[in-house]
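In this text, residue positions in the sequence shown follow the UniProt record's numbering: the first is 1, and each later residue adds one.
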Amino acid sequence: MTMVRSKRISIGGLVAGTAGLLLLGACGSGTAPVAQSSSASPSSSAPETSAAPSASSSSPAPVSQPAEVPAPAQKNDGLCKAGDVKLSVGGGDAAAGTVYRKLVITNSSGHPCTIQGFPGVSYVTGADGHQVGEAAFRDGAKGEPIQLNNGESASADIGFVNVRNYDEAACKPTETRGLRVYLPQETASNFVAVQGLGCAGKIPGNQLTVKTVHKGA
1 MTMVRSKRIS IGGLVAGTAG LLLLGACGSG TAPVAQSSSA SPSSSAPETS AAPSASSSSP
61 APVSQPAEVP APAQKNDGLC KAGDVKLSVG GGDAAAGTVY RKLVITNSSG HPCTIQGFPG
121 VSYVTGADGH QVGEAAFRDG AKGEPIQLNN GESASADIGF VNVRNYDEAA CKPTETRGLR
181 VYLPQETASN FVAVQGLGCA GKIPGNQLTV KTVHKGA
């Protein structure tokens with residue numbers, strides 16, 4: 001009789017123990033969502049830990065500019081420049097369909113300058129000063145250097161051909177408003193207002209001629 005009772009007690013204790021374990025398991029399963037939510041928190045905050053670089057860090061470093069170097073001063077070779085002179089066209093003489101007039105070059109620079117050779121001369125017209133026909137033909141030999149003190153003048157003879165002597169269809173007569181003049185060995189030009197008539201077309205001759213510069217007006 002005693003043996004039977006003890007077995008019942010043992011079985012009852014086993015059942016009670018098993019029920020306790022099941023109860024603990026149920027309690028453990030109830031807390032699982034809390035663990036999942038706490039483990040998900042780092043992933044939801046992950047974008048905050050990988051912030052984009054600031055604009056200042058992505059901007060390139062400023063590049064230092066080289067210091068400006070002043071242009072070297074133009075070498076003074078003693079030649080008369082466009083800005084050193086005043087030009088005018090004087091009266092002239094007519095001969096064989098050509099009128100010869102003096103291009104007067106006066107030194108107004110305040111210092112001496114030298115001039116030698118043939119000035120470049122051409123007709124111009126229009127508001128833009130475009131050239132009409134060929135430039136003046138150089139007539140004769142190149143002269144000697146001429147030193148002009150301030151206020152002194154030199155001159156060159158220009159021949160203005162009567163272009164009406166040419167075939168009109170070939171010449172294409174065009175009214176001109178002046179002359180573009182380049183001093184010898186100079187790249188800048190001067191303008192002299194003198195109305196005339198030039199050939200915009202090709203002609204079998206020269207509409208302008210120019211002689212070398214000589215001393216005096």
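Just so you know, even glycine gets a beta-carbon here, dropped at the ideal spot from N, CA and C.
Practice task
State yes or no: is the C-beta of residue 82 within less than 7 Å of the C-beta of residue 188?
Solution key: In this structure, residue 82 sits near residue 188, with a CB-CB distance shorter than 7 Å.
Problem - Within 7 Å, strictly: CB atoms of residue 163 and residue 199 - result: yes
Problem - Classification of residue 207 by the beta-carbon crowding that lies within 10 angstroms, buried from 16 upward - result: buried
Handout entry: Beta-carbon proximity of residue 178 to residue 161, cut-off 7 Å
Key = no
Exercise for the section: Compute the distance between the beta-carbons of residue 154 and residue 146, then report whether it is under 7 Å. Expected result: yes
Exercise for the section: Please confirm whether residue 137 and residue 209 have their CB atoms less than 7 Å apart. Expected result: The answer is yes: Cβ separation under 7 Å.
Exercise for the section: Measuring only between beta-carbons, confirm whether residue 165 sits less than 7 Å from chain B. Expected result: In the displayed structure, chain B is absent; only one protein chain is listed.
Handout entry: Alpha carbon of residue 84 to alpha carbon of residue 93, nearest angstrom
Key = 29 Å
Handout entry: Cβ neighbour criterion (16 or more within 10 Å) applied to residue 186
Key = buried
Handout entry: Status (buried if at least 16 other CB within 10 Å, exposed otherwise) for residue 107
Key = buried
Problem - For residue 157, the three-state DSSP class (helix, strand or coil) - result: strand
Practice task
Go ahead and pull the three-state DSSP assignment for residue 193.
Solution key: strand
Practice task
Could you tell me whether the Cβ atoms of residue 104 and residue 122 are closer together than 7 Å?
Solution key: no
Exercise for the section: Give the straight-line distance between the Cα atoms of residue 115 and residue 201, rounded to the nearest whole angstrom. Expected result: 32 Å
Exercise for the section: Find the nearest neighbour of residue 212 within the set 196, 139, 203, judged by alpha-carbon distance. Expected result: Distances from the CA of residue 212 to each of 196, 139, 203 were compared; the closest alpha carbon is that of 139.
Practice task
Run the CB neighbour count on residue 48, radius 10 Å, all protein chains shown included, and call it buried at 16 or more, exposed below.
Solution key: In this predicted model, residue 48 has a pLDDT of only 48, less than 50, meaning its place in the structure is not dependable enough to derive any value.
Problem - Cβ shell of residue 133 (< 7 Å), same chain only, five flanking positions each side left out - result: 123, 198, 199, 200, 207
Problem - Whole-angstrom C-beta distance between residue 111 and residue 165, which should lie under 8 Å - result: Not a contact, Cβ separation roughly 44 Å.
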